[in-house]
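Enquirer:
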Amino acid sequence: MILDRQRKEKAIRFVFFLSASVSILVLSLIVVFLFMEGLPIFGKLSVTRFLFGHDWYPTSDPPDFGIFPLLAASVAVTASSAVVAIPLGVMTALYLAEIASPTVRQIVKPIVELLAALPSVVIGFFGMVVVAPFLQKSFNIPTGLNLFNASLMLAFMSVPTITSISEDAIYSVPGELKEASLALGATHWETILRVIIPASLSGLSTAIILGMSRAIGETMVVLMVAGGAALVPSSLFDPVRPMPASIAAEMAEAPFRSDHYHALFAIGVVLFLFTLLFNLIADYIAQKHKQVGAATL
Amino acid sequence: MNEKRPSSEILPTSTCLTPSEVSATPFKPDTGRSHVTGRNHSAILWRHLVQKGMFGLFRVAVLINGLALIIVLAFLLINGAGAINWTFLTEAPRDSMTKGGILPCIVGTFLLSFGAMLVAFPWGAASAIYLHEYANPGPAVRIIRMGINNLAGVPSVVFGLFGLAFFVTWLKLGVSILAGVLTLGALVLPVIIGTAEEALRAVPATYREASLALGASKWQTVYRVVLPAAFPGMLTGSILGISRAAGETAAIMFTAAVFFTPRMPSSLFDPVMALPYHIYVLATAGTEIEATRPLQYGTALVLIALVFGMNLIAIIYRARLQRRR
Chain A
967 MILDRQRKEK AIRFVFFLSA SVSILVLSLI VVFLFMEGLP IFGKLSVTRF LFGHDWYPTS
1027 DPPDFGIFPL LAASVAVTAS SAVVAIPLGV MTALYLAEIA SPTVRQIVKP IVELLAALPS
1087 VVIGFFGMVV VAPFLQKSFN IPTGLNLFNA SLMLAFMSVP TITSISEDAI YSVPGELKEA
1147 SLALGATHWE TILRVIIPAS LSGLSTAIIL GMSRAIGETM VVLMVAGGAA LVPSSLFDPV
1207 RPMPASIAAE MAEAPFRSDH YHALFAIGVV LFLFTLLFNL IADYIAQKHK QVGAATL
Chain B
617 MNEKRPSSEI LPTSTCLTPS EVSATPFKPD TGRSHVTGRN HSAILWRHLV QKGMFGLFRV
677 AVLINGLALI IVLAFLLING AGAINWTFLT EAPRDSMTKG GILPCIVGTF LLSFGAMLVA
737 FPWGAASAIY LHEYANPGPA VRIIRMGINN LAGVPSVVFG LFGLAFFVTW LKLGVSILAG
797 VLTLGALVLP VIIGTAEEAL RAVPATYREA SLALGASKWQ TVYRVVLPAA FPGMLTGSIL
857 GISRAAGETA AIMFTAAVFF TPRMPSSLFD PVMALPYHIY VLATAGTEIE ATRPLQYGTA
917 LVLIALVFGM NLIAIIYRAR LQRRR
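Chains A and B, in that order, are what the protein sequence lines are. Just so we're aligned: the first sequence equals residues 967 to 1263 in my numbering. Just so we're aligned: the second sequence equals residues 617 to 941 in my numbering.
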């Protein structure tokens, strides 16, 4: 009977193992089907022409599938949103973890969580009808739908990600380190700057990378707010067309299994590889510089 | 908790020398003493001023976040409240979507998000149980965790492409509720796993030990002791998952949502209208973008109310759970 029980336990354990592997299965299916639908475009043109070609004219005759303007737009939008989002997110996390009293925390924490819950289409809508006219008027530019607007909106989407992961990292700094620093006469701010930030740096970097990964993959905001011109941006106020926006805007009109359709999937592959890279770097940092305890520093 | 975060009372407020100042101050008996202490006073004052300034900046950062949320909400409330009435909520769009209501979109969003949850919850909960209750640390667990992390990082538009290639085309489901539900289910899976694992972590180890000591098997312990204790927490997570799925647009654009359907969906293989996609369509591709603004605001407000309602329920519920512990 005990043997029977053991066998049953083993079987149950195996069933749970299989269900845990479903994430891996989904991820592999994503990879397989993205590549399956994306790779045929490279029979028509080389990878370098695809990545570094400056002309994205998928519907003209003959079509041109150079995604460099889209790639540049994605990088530009993500980088400029990072300039806003990193300080904002990290400072909010430091405030929550170090300064806020429990009561204030109980108010601020839900605000950050609700900010994270805002659907991207609503943020895009807000950027379209409120921020864009405002920018157009106050900067006297032809259109408010541009790189600047998009990065601003994206920043508010990545701040909650950065904040919540940074906060966890700051919490896991051993209390002894902080107490030692305070006992040596450092002020609270000096302790934060010289002890807490260095000690949680790996966690903070993970937070920032994941925030950026969210920004580069975000679709609705850049689709509605970035302006949609497939040009390499030369100023902050240029309208741009980042990669996700291209996919979302053109998939509906691309004929099934046409070159255009395959090219859009190939953009999806590039986007996927970008976020995969970001995630692997974040994972590597988190593993390599694991915050364990006071003794590791 | 308390021992890790000493409160600000411990801050040095007395005018003592810091080690760097001690070493930087040459020892000069009798002369210049008052001068040194005077400089120290101003140095300490300066250091506290810097701290005040930096903490002020932190507060500004928090304030910006709060303001952003309040501005978005206020703007939607002020502009959208007027559009919402009984007919708006209970009628289908009329006159090529320039008039009428959004009932089909509300129904569609409910079907998609709850369907996604039905698909993802069992897998997510089981994954979390394996990772937290069964798995021993090793390469297998590490790979599974990496898979989950990477799945969480996949952009929603890529999920949309995957849904189009796999569910819609390869499995021949067509643009349908089912294809959308499966795509969204894959998308919220990491959210569910994360929150379910957190719920399991909150169950005290003593529960498990007591059960095992009474001779219960691992599975009996998990099923009879751990799961009942963790289930409310898991449920909170699934509410967050539903709200995430409800607001998702890019993943359903190619897989489930259409501009307009004249009738309510009657089977899982029908396409649907959905709130987020409706906002996008009205705001960018409609024939009369300006004329339908009130409809857009109204739709956005309904979506926000839905999403925030679920989030608030989850937040309040979680706070109550934590207090009980």
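Where is the CB? At the ideal position from N, CA and C, for every residue including glycine.
Under 8 Å, Cβ to Cβ, is there at least one residue of chain B near residue 987 of chain A?
Expert: The residue you call residue 987 of chain A lines up with position 21 of the first sequence. Interface residue, yes.
Enquirer: Please go through the same chain and pick out, in chain order, the residues whose beta-carbon is closer than 8 Å to the beta-carbon of residue 972 of chain A, but skip the five residues on each side of it.
Expert: Along the first sequence, one-based indexing puts residue 972 of chain A at 6. Nothing listed; no residue qualifies.
Enquirer: Quick check on residue 1250 of chain A - is its C-beta less than 8 Å from some C-beta in chain B?
Expert: Taking the first sequence and counting its residues from 1, the one referred to as residue 1250 of chain A is at position 284. Answer no: the Cβ-Cβ gap between residue 1250 of chain A and chain B never drops below 8 Å.
Enquirer: Can you find the residues in the same chain that come closer than 7 Å, C-beta to C-beta, to residue 978 of chain A, ignoring five residues on each side of it along the sequence?
Expert: For the purposes of this step, residue 978 of chain A is taken as the residue at position 12 of the first sequence. Once the five neighbours on either side are set aside, residue 978 of chain A has no close Cβ partner at all.
Enquirer: Please go through the same chain and pick out, in chain order, the residues whose beta-carbon is closer than 8 Å to the beta-carbon of residue 1152 of chain A, but skip the five residues on each side of it.
Expert: Taking the first residue of the first sequence as position 1, residue 1152 of chain A is located at position 186. Result list for residue 1152 of chain A: 1160 and 1161, in chain order.
Enquirer: By a C-beta neighbour count over all protein chains shown, 10 Å radius and 16 as the cutoff for buried, is residue 1241 of chain A buried or exposed?
Expert: Taking the first residue of the first sequence as position 1, residue 1241 of chain A is located at position 275. The residue in question, residue 1241 of chain A, is buried, as its Cβ has 16 or more Cβ neighbours within 10 Å.
Enquirer: At 4 residues or longer, and completely inside the stretch 1101 to 1181 of chain A: list those alpha helix (DSSP H) runs for me, N to C.
Expert: 1113 to 1137, 1141 to 1149 and 1154 to 1157
Enquirer: Expressed to the nearest angstrom, what Euclidean distance is found between the alpha-carbon atoms of residue 666 of chain B and residue 1155 of chain A?
Expert: Position 50 of the second sequence, counted from the first residue, corresponds to residue 666 of chain B. Position 189 of the first sequence, counted from the first residue, corresponds to residue 1155 of chain A. Taking C-alpha positions only, residue 666 of chain B is separated from residue 1155 of chain A by approximately 8 Å.
Enquirer: In whole angstroms, give me the CA-to-CA distance for residue 702 of chain B and residue 689 of chain B.
Expert: To locate residue 702 of chain B, count along the second sequence from 1; it is residue 86. To locate residue 689 of chain B, count along the second sequence from 1; it is residue 73. Each residue's alpha carbon lies about 21 Å from the other.
Enquirer: Does DSSP put residue 998 of chain A in a helix, a strand or coil?
Expert: Start at 1 with the first residue of the first sequence, and residue 998 of chain A comes out as number 32. Residue 998 of chain A falls in the helix class under three-state DSSP.
Enquirer: Quick one: is residue 896 of chain B buried, meaning 16 or more other Cβ sit within 10 Å of its Cβ, or exposed?
Expert: Start at 1 with the first residue of the second sequence, and residue 896 of chain B comes out as number 280. Buried.
Enquirer: Whole angstroms are fine: how far does the CA of residue 743 of chain B sit from the CA of residue 985 of chain A?
Expert: For the purposes of this step, residue 985 of chain A is identified with residue 19 of the first sequence, where counting begins at 1. For the purposes of this step, residue 743 of chain B is identified with residue 127 of the second sequence, where counting begins at 1. The alpha-carbon atoms of residue 985 of chain A and residue 743 of chain B are separated by roughly 6 Å.
Enquirer: Grab me the residues of residue 1146 of chain A's own chain with a C-beta within less than 7 Å of its C-beta, minus the 5 sequence neighbours each way, in chain order.
Expert: Taking the first sequence and counting its residues from 1, one reaches residue 1146 of chain A at position 180. Contacts found: none.
Enquirer: Please state if the CB of residue 1187 of chain A and the CB of residue 1086 of chain A are separated by a distance shorter than 8 Å.
Expert: For the purposes of this step, residue 1086 of chain A is taken as the residue at position 120 of the first sequence. For the purposes of this step, residue 1187 of chain A is taken as the residue at position 221 of the first sequence. Cβ distance < 8 Å, so residue 1086 of chain A and residue 1187 of chain A count as in contact.
Enquirer: Under 8 Å between the Cβ atoms of residue 910 of chain B and residue 716 of chain B?
Expert: As a first step, residue 910 of chain B is located in the second sequence; it is residue number 294 there, counting from the start. As a first step, residue 716 of chain B is located in the second sequence; it is residue number 100 there, counting from the start. No.
Enquirer: Taking the Cβ atom as the reference point for each residue, do residue 995 of chain A and residue 1209 of chain A lie within a distance shorter than 8 Å?
Expert: Residue numbering aside, residue 995 of chain A sits at position 29 when the first sequence is read from its first letter. Residue numbering aside, residue 1209 of chain A sits at position 243 when the first sequence is read from its first letter. No, the pair does not count as a contact, with Cβ atoms beyond the cut-off.
Enquirer: Is the shortest distance between the beta-carbon of residue 969 of chain A and the beta-carbons of chain B less than 8 Å?
Expert: As a first step, residue 969 of chain A must be located in the first sequence, where it is residue number 3. With its beta carbon at least 8 Å from every one in chain B, residue 969 of chain A lies outside the interface.
Enquirer: In the stretch 1173 to 1198 of chain A, which residues sit with their C-beta less than 9 Å from some C-beta in chain B, listed in chain order?
Expert: Taking 9 Å as the Cβ-Cβ cut-off against chain B, the residues of the stretch 1173 to 1198 of chain A that qualify are 1176, 1179, 1180, 1182, 1183, 1184, 1185, 1186, 1189 and 1190.
Enquirer: Quick one, which of B:696, B:669, B:804 and B:767 has its alpha-carbon nearest residue 921 of chain B's?
Expert: Position 305 of the second sequence holds residue 921 of chain B. When each option's Cα is compared against that of residue 921 of chain B, the closest is B:696.
Enquirer: Would you kindly check if the distance between the Cβ of residue 1093 of chain A and the Cβ of residue 1177 of chain A is under 8 Å?
Expert: In the first sequence, residue 1177 of chain A corresponds to position 211, counting from 1. In the first sequence, residue 1093 of chain A corresponds to position 127, counting from 1. The answer is no: Cβ separation not under 8 Å.
Enquirer: Name, in chain order, the residues that DSSP records as bridge partners for residue 715 of chain B.
Expert: In the second sequence, residue 715 of chain B corresponds to position 99, counting from 1. DSSP output for residue 715 of chain B lists B:710 as bridge partner(s).
Enquirer: Using a Cβ-Cβ distance under 8 Å, would residue 912 of chain B count as near chain A?
Expert: As a working note, residue 912 of chain B is residue 296 in the second sequence. The Cβ of residue 912 of chain B sits closer than 8 Å to at least one Cβ of chain A.
Enquirer: So, is residue 981 of chain A buried or exposed, given that buried needs 16 or more other C-beta atoms within 10 angstroms?
Expert: For the purposes of this step, residue 981 of chain A is taken as the residue at position 15 of the first sequence. So residue 981 of chain A ends up on the exposed side.
Enquirer: Check whether the Cβ atoms of residue 808 of chain B and residue 737 of chain B sit closer than 8 Å, and answer yes or no.
Expert: Sequence index remark: in the second sequence, residue 808 of chain B carries index 192 (1-based). Sequence index remark: in the second sequence, residue 737 of chain B carries index 121 (1-based). In this structure, residue 737 of chain B lies closer than 8 Å to residue 808 of chain B by Cβ.
Enquirer: Between the beta-carbon of residue 1197 of chain A and the beta-carbon of residue 1216 of chain A, is there less than 8 Å?
Expert: The count along the first sequence starts at 1 and reaches residue 1197 of chain A at position 231. The count along the first sequence starts at 1 and reaches residue 1216 of chain A at position 250. For residue 1197 of chain A and residue 1216 of chain A, no; Cβs fall outside 8 Å.
Enquirer: Residues of chain B with CB closer than 9 Å to the CB of residue 1232 of chain A, please, in chain order.
Expert: Numbered from its first residue, the first sequence carries residue 1232 of chain A at position 266. None at all; the shortest Cβ gap to chain B is about 10 Å.
Enquirer: What does residue 720 of chain B reach in chain A if we use C-beta pairs closer than 7 Å?
Expert: By 1-based counting over the second sequence, the position of residue 720 of chain B is 104. Within chain A, no residue comes near residue 720 of chain B; the closest Cβ sits about 17 Å away, beyond 7 Å.
Enquirer: Going along the chain, which unbroken runs of the alpha helix (DSSP H) with 4 or more residues stay wholly within the stretch 828 to 901 of chain B?
Expert: 834 to 837, 843 to 863, 866 to 869 and 891 to 900
Enquirer: Do you know whose CA, among B:685, B:675, B:763 and B:739, lies nearest residue 1071 of chain A's CA?
Expert: Reading the first sequence from its first residue, position 105 is the one you call residue 1071 of chain A. Taking only the C-alpha atoms, the option nearest residue 1071 of chain A is B:675.
Enquirer: Short check: CB of residue 1193 of chain A to CB of residue 774 of chain B, under 8 Å?
Expert: Taking the first sequence and counting its residues from 1, the one referred to as residue 1193 of chain A is at position 227. Taking the second sequence and counting its residues from 1, the one referred to as residue 774 of chain B is at position 158. Contact flag unset, no.
Enquirer: Are residue 1118 of chain A and residue 1074 of chain A touching if we call contact CB-CB under 8 Å?
Expert: The residue labelled residue 1118 of chain A in the question sits at position 152 within the first sequence. The residue labelled residue 1074 of chain A in the question sits at position 108 within the first sequence. No; because the gap between Cβ atoms is not below 8 Å, this pair is not in contact.
Enquirer: With a threshold of 7 Å on Cβ separation, who are the neighbours of residue 1205 of chain A within its own chain once the five nearest residues in sequence on each side are excluded?
Expert: Working through the first sequence from its first residue, we reach residue 1205 of chain A at position 239. Result list for residue 1205 of chain A: 1109, 1111, 1112, 1192, 1193, 1194 and 1195, in chain order.
Enquirer: Is residue 1082 of chain A closer than 8 Å to residue 1126 of chain A when the C-beta atoms are compared?
Expert: Looking up residue 1126 of chain A in the first sequence gives position 160. Looking up residue 1082 of chain A in the first sequence gives position 116. Against a cut-off of 8 Å, the Cβ pair of residue 1082 of chain A and residue 1126 of chain A comes out as a contact.
Enquirer: Taking the alpha-carbon positions, what's the residue 1248 of chain A to residue 694 of chain B distance?
Expert: The sequence position of residue 1248 of chain A within the first sequence is 282, counting from 1. The sequence position of residue 694 of chain B within the second sequence is 78, counting from 1. Answer to the nearest angstrom: the Cα atoms are 41 Å apart.
Enquirer: Are the CB atoms of residue 801 of chain B and residue 735 of chain B nearer to each other than 8 Å?
Expert: Counting from 1 along the second sequence, the entry for residue 801 of chain B is found at position 185. Counting from 1 along the second sequence, the entry for residue 735 of chain B is found at position 119. Contact annotation: residue 801 of chain B and residue 735 of chain B have beta-carbon atoms nearer than 8 Å.
Enquirer: Mind checking residue 1144 of chain A: buried by the 16 CB within 10 Å criterion, or exposed?
Expert: As a working mapping, residue 1144 of chain A is identified with position 178 in the first sequence. With 16 or more other Cβ atoms from the protein chains shown falling within 10 Å of its own Cβ, residue 1144 of chain A counts as buried.
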